[in-house]
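J.: Below you will find the structure I want to go over with you.
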Amino acid sequence: MSDRIRNYFFSAKGINGEDVLDSSLTPRMGIFEDYTKGDINSYLILGKLCSCWDT
């Protein structure tokens, strides 16, 4: 198993205060820029998940 990066977005809302599930926001397809340069504001924590099971 290889090391992986985890992204944790929290306190997310639309740039005008909308809920992140509001249909007026641009659809997101899982691409990082959709969450960092789109019409959503949020906090982000990047974390490395270690491969603890490798021997």
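Here the numbering used here is used: the first residue of the sequence shown is 1239, the next is one more, and so on. No residue lacks a Cβ here, since even glycine has one placed at the ideal position from N, Cα and C.
1. Taking C-alpha atoms, which residue in Arg1242, Ile1269, Tyr1246 and Asp1277 lies nearest to Val1258?
2. What residue range does the beta strand (DSSP E) around Gly1276 cover?
3. Taking 8 Å as the threshold (C-beta atoms), are Asn1245 and Leu1287 in contact?
4. Which residue wins for smallest C-alpha separation from Ile1253, given the options Gly1268, Asn1279 and Asp1260?
T.: So, from the listed chains and residues:
1. Nearest C-alpha to Val1258: Asp1277.
2. Careful: Gly1276 lies outside any beta strand (DSSP E) and carries neither H nor E.
3. It is not a contact, given that the beta carbons lie outside the stated cut-off.
4. Taking only the C-alpha atoms, the option nearest Ile1253 is Asn1279.
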